[in-house]
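Student: Numbering (the working numbering), first residue to last: 14 to 1083. All residues carry an ideal CB built from backbone N, CA and C; glycine is no exception.
1) Please name the residue in 55, 598, 472 whose C-alpha comes closest to that of residue 550.
2) Does the beta-carbon distance from residue 258 to residue 181 come in below 9 Å?
3) Out of 845, 893, 844, which one is the CA nearest neighbour of residue 856?
4) Does DSSP put residue 1066 in a helix, a strand or coil?
5) Mapping the DSSP letters down to three states, classify residue 667 as helix, strand or coil.
6) Helix, strand or coil for residue 378 per DSSP?
7) First and last residue of the alpha helix (DSSP H) that includes residue 615?
8) Which of the three DSSP states, helix, strand or coil, is assigned to residue 136?
9) Of the choices 890, 618, 378, whose alpha-carbon is the least far from that of residue 1034?
10) Restricting to Cα atoms, I'd like to know which of 833, 352, 1027 is closest to residue 1063.
11) What residue ranges within the stretch 988-1039 form continuous alpha helix (DSSP H) runs of no fewer than 4 residues, ordered along the chain?
12) Assuming residue 966 is part of the alpha helix (DSSP H), what are its boundary residues?
13) So the beta strand (DSSP E) residue 818 belongs to, where does it begin and stop?
14) Compute every distance between the C-beta of residue 712 and the non-hydrogen atoms of the ligand GDP, then say whether any falls below 8 Å.
15) Could you tell me whether the stretch 605-612 touches the stretch 197-209, where touching means 3 or more Cβ pairs closer than 8 Å?
16) Taking the alpha-carbon positions, what's the residue 395 to residue 1024 distance?
17) Which word fits residue 511, buried or exposed, when buried means at least 16 other C-beta atoms lie within 10 angstroms of its C-beta?
18) What residue range is occupied by the uninterrupted beta strand (DSSP E) comprising residue 318?
19) Counting only beta-carbon atoms, is residue 285 nearer than 9 Å to chain D?
20) Measuring straight from C-alpha to C-alpha, what distance separates residue 90 and residue 886?
21) Counting only the same chain and skipping the five closest in sequence on each side, list residues whose C-beta sits under 8 Å from that of residue 446.
22) Tell me whether the beta-carbon of residue 403 lies closer than 9 Å to the beta-carbon of residue 393.
23) Applying the criterion that 16 or more other CB atoms from any shown protein chain within 10 Å of the CB defines a buried residue, is residue 905 buried or exposed?
24) Determine whether the beta carbon atoms of residue 1014 and residue 990 lie at a separation below 9 Å.
25) Straight-line CA distance for residue 422 to residue 332?
26) Grouping DSSP H, G and I as helix and E and B as strand, with all else coil, what is residue 1084?
27) Roughly how many angstroms separate the alpha carbons of residue 178 and residue 693, rounded to a whole number?
28) So, helix, strand or coil for residue 32, using DSSP?
29) Put residue 873 into one of helix, strand or coil per three-state DSSP.
30) If you run the structure through DSSP and keep just helix, strand and coil, what is residue 178?
31) From the DSSP output, in three-state form, read off residue 829 for me.
32) Under the DSSP definition of a beta bridge, which residues are partnered with residue 256?
33) Are the CB atoms of residue 980 and residue 830 nearer to each other than 9 Å?
34) In whole angstroms, what separates the C-alpha of residue 784 from that of residue 714?
35) In this structure, does DSSP put residue 1076 in helix, strand or coil?
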């Protein structure tokens, strides 16, 4: 037997086994011989085999099969309603009417066939022409399936184009998220924005700076002006801050890989800005005391009042960013109260001059328009010798009233503080009393007293129910056990009045079972005898009705008293809490309102993490999230989740409040002549306007060059398509459906040495040809009278469509996806237009390979003739090709998914990742067009997520080994595979993906608290910022793997096999 014969035999056996399995499932028959007999009698027809086994005719197909094509053009005789009688309305296709074929197809769909064919195999992977495929392959690779949210820095400038009125993002140029968060917060202070944009350097230093400070600050101010101007008027979605960042980095004596502390950077930035404006102020106001706008905007003053070793003092001090401790406090006011008082407060109000006690209070005398709080979330661990982050939850309000901290309210605040202190003392006493009720008892386990009394009441009212001890004996237990011994029966007198033996049992001593060899001897302290009168549940043994009545009355009264006391205590505690909350709510203490403007968030640990900012937009009246290049709409709820702390590793690091009574801070500027609000380039001075116009011109030119290139490629593709079509018309019939293969000798041996040997693409055409010929044979067998080729074509198309429609209507498991078997099933699922379905079916019957006999050959000629008569305006060929291209994309996505799942099951996670990544990305693009355009995204997302978690676990294990090669391999997996894929999990913000990212980060952050070699610590410090980067930007990514080619039959079998073996499937099963 030759190799080819062996392959054919194996295929036949597989096909027969598939039919047997389906027949067994449909009929419930398990007799293999009977099943084989049914298939033999029906000649492989599954429907007739079912009818043979059930001795009934097949059910009439659903009405949907006949009415799938309902015309919308009433009265047009070119279309018919396909619900009429079909057999008596055969259309003559020999006439000159070019539309008869469409009418015949519609009419042929009226009846439904009783036959149910098993296989429907076509080849949608083959293109119209090999020449066309070769000419546009490169174009497809660069243009197909771009994802603007994921694939940042796209070569397509349209993906980097700013949407109208959308804020501009800042590119992360290497651990510079700290820069982006602070700059965006300051830029959105419109008063600060105007100060920077209209800053001009002092005239005396324009030529040559006179000192090092000017040499550094003035260039930075110019770069900051340039950056702000681009953020105002750029046409780009995000801009590059590299020049300003480089100047700043030179000032920080640290490596570029180290992430900067936000507070340190903000201090440095404000110092530089203060120096730059101070130089300008001194020049403008020579002889007068200069006013520095940065100082007036960001700096305030407080009065320090205190006692030092018995001597009172008062000092006035200036402050910028006000530091607050987080540890031990639950909200911002508690932090402020603690920060305003140092030492023993009693000493401040004591009149004793010789007291040795010390303490001081801070009272604000002047608050800056922009009030910034530094939240100290880091503390130094003395034992480990390194800083650690504090993840405690700290709440803060959107509107903060600062009256209680003002010097002018010193006396009334002291009174209120004393009242709060007294209330808190009462609160502590009440809580202690309540705790005695809620945790009653003297042992380690305590319970609410009301419940204890309730349990006692239930016990007292329980009635003892006893049963014979024999019922509790386990006769199967081994000898020597406590339940295996024979127990003497109790006499009726011993059992008491409430204990009775089950009916049929004698109170006399019980005979041992026959399996018992001897009566075990009871040995004190080594064996336990079951108590003879053990009740079924705890209950009093001896209690009179009078005793029970008195006890129940007492317990009920005591429980009511305890519940009332508990309720009163809880009410008192709630009232005190409410009183404390409203202590500062009177109008006199709500005159200094500060509204939350920005929150700078840090995610990660003390020495590594990522920063982003939430900034309030007063014009849209909503929060915006600024995360490097990404600027998105947000909400207060999202801000709370990420900023308060206690959730994941993210928490607020800096709070920026602005004086709500000074609207100039965020007011837009208006034109003095027209009264119109200035926007875009109109907000800029002339020099910056020219700078932005130049940059926008470069971007416009980039877009123009891109469009020209794409137009040239489109023209080349169009010419290639025309050439391929012309070549196909001269050598073979036109095949937009790609059902006709090229000659076998034109196909080289298609192999993928890394995965598997590939079959010849001609296999699909062979199966498609077999399906078509079966449809023709079935149509001819239904009517024994002689038929013309036109009539046979009509009937055969009807038979084939009905078969495929049944596939589409069948509710199948994920492993039996009929969309892979035939393009028509895919089209029906996705409600393709009628014209697309008609032409696709007609193309199938116009295949030149239908020359098995004269009947098939004549039908092929009629089909080809009718194709030639179809006018171009009747079928939109662009839409036709688009539908078939979508189907090719669907098959390609299926192959990515199938290979990825097979590799995942083999635990080849490195190899599986790219297949799963690209299957998910491509599948999402398909699902945008419709629910049934692709596969279940939840399933693909699950295995993509699991693959990343497995890789992360493996890489972490390699790192823990401490061996240099293993460590390098583990970090290589993370840097090259896992880290580039994390933005893909973050971009859609699904809960499971976010939790997976959090798990991966927590695994690596856990190493920060462990002792390790210095070289490992260095590698970890270098790696963690990349892992903790929360942006959705991908700087580099692997190209999609090269896919092998599969025949439809092999793809269906392998896909079904891998789907059936999955341990996790989505709930909907789609």
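Tutor: On the basis of the data shown:
1) Just measuring C-alpha positions, the residue of 55, 598, 472 sitting nearest residue 550 is 472.
2) Not closer than 9 Å, so no.
3) Looking at the Cα atoms, 893 is the closest of the given residues.
4) Under the three-state reduction of DSSP, residue 1066 is assigned to helix.
5) In the structure shown, residue 667 falls within a strand segment according to DSSP collapsed to helix, strand and coil.
6) In the structure shown, residue 378 sits in a strand (DSSP, three-state: E or B).
7) It is not in any alpha helix (DSSP H) - residue 615 instead sits in the beta strand (DSSP E) that spans 606-618.
8) In this prediction, residue 136 scores a pLDDT of 40, lower than 50, which makes its location untrustworthy; no coordinate-derived value is stated.
9) For residue 1034, the nearest C-alpha among the options comes from 618.
10) When each option's Cα is compared against that of residue 1063, the closest is 833.
11) DSSP assignment within the stretch 988-1039 yields the following whole alpha helix (DSSP H) runs of 4 residues or more, N-terminal first: 992-999, 1004-1018.
12) In this chain, the alpha helix (DSSP H) harbouring residue 966 covers 950-974.
13) Run containing residue 818: none in the beta strand (DSSP E); it sits in the alpha helix (DSSP H), 802-822.
14) You won't find the ligand GDP in this model; it holds no ligand whatsoever.
15) Contact between the stretch 605-612 and the stretch 197-209 is present, because at least three Cβ pairs lie under 8 Å.
16) So the two alpha carbons sit approximately 14 Å from each other.
17) Caution is warranted here: a pLDDT of 41 is assigned to residue 511, below 50, making its placement in the model unreliable, and no coordinate value can be reported.
18) DSSP places residue 318 inside the beta strand (DSSP E), whose first and last residues are 313-321.
19) This model lacks chain D altogether; it includes just one protein chain.
20) Below a pLDDT of 50, predicted positions are generally treated as unreliable, and residue 90, at 36, falls in that range; the measurement from the model is reported next regardless. Approximately 18 Å, taken between the alpha carbons.
21) For residue 446, where only same-chain residues beyond five positions count, the Cβ hits under 8 Å are 582.
22) No, the Cβ-Cβ distance between residue 403 and residue 393 is not below 9 Å.
23) That one is buried.
24) It is not a contact, given that the beta carbons lie outside the stated cut-off.
25) Looking at the two C-alpha atoms, the distance is approximately 20 Å.
26) Here the chain covers residues 14 to 1083 and nothing more, so residue 1084 does not appear.
27) C-alpha separation (whole angstroms): 9 Å.
28) In this structure, residue 32 counts as helix in the three-state DSSP scheme.
29) In this structure, residue 873 counts as helix in the three-state DSSP scheme.
30) Of the three classes helix, strand and coil, the one that applies to residue 178 here is coil, per DSSP.
31) Secondary structure at residue 829: coil, using DSSP grouped into helix, strand and coil.
32) Its beta-bridge partners do not exist; DSSP assigns none.
33) Going by C-beta atoms, residue 980 is not nearer than 9 Å to residue 830.
34) Distance between the alpha carbons of residue 784 and residue 714: 54 Å.
35) In this structure, residue 1076 counts as coil in the three-state DSSP scheme.
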